[in-house]
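My numbering puts the first residue of the sequence shown at 8, with every later residue one more than the last. Working notes for the structure below.
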Amino acid sequence: MMTIHLTHELTRALYRRAEIEGRSVPEIVVTAIGEYLARADGDEEVHQLAVEASHRWQSLLNRLAQ
Numbered sequence: 008m009m010t011i012h013l014t015h016e017l018t019r020a021l022y023r024r025a026e027i028e029g030r031s032v033p034e035i036v037v038t039a040i041g042e043y044l045a046r047a048d049g050d051e052e053v054h055q056l057a058v059e060a061s062h063r064w065q066s067l068l069n070r071l072a073q
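Have a look at this one:
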């Protein structure tokens with residue numbers, strides 16, 4: 008369980024969005040956090056793949072740079 012403190016503006020916007028979408032505020036918050044974490048994990052994976060590829064192709068990249 009967690010308590011999150013939002014500004015009045017964010018709170019109003021969140022309740023307005025929940026009403027428009029026909030969803031609950033907690034559902035929107037949980038979905039948003041899940042999407043954020045998935046993007047962050049994806050960013051880390053892409054970065055790791057880029058590092059691995061740059062190491063693997065370093066000699067070719069150096070030759071192309073000349």
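Don't be surprised by glycine CBs; every beta carbon is placed ideally from N, CA and C. None of the values given here were measured: they were computed from a predicted structure.
What are the boundary residues of the alpha helix (DSSP H) that residue i is part of?
i: residue 54; result: 32 to 63
i: residue 18; result: 15 to 28
Excluding sequence positions up to five away, which residues of its chain have a Cβ less than 6 angstroms from the Cβ of residue i?
i: residue 59; result: none
Tell whether a beta-carbon distance below 8 angstroms holds between residue i and residue j.
i: residue 35; j: residue 20; result: no
i: residue 61; j: residue 68; result: yes
So, at 7 angstroms on beta carbons, what are the nonlocal neighbours of residue i in its own chain, with the 5 sequence-adjacent residues on each side left out?
i: residue 32; result: 21, 22, 25
i: residue 38; result: none
Measuring only the C-alpha atoms, how far is residue i from residue j?
i: residue 45; j: residue 12; result: 23 angstroms
i: residue 16; j: residue 64; result: 50 angstroms
i: residue 27; j: residue 18; result: 14 angstroms
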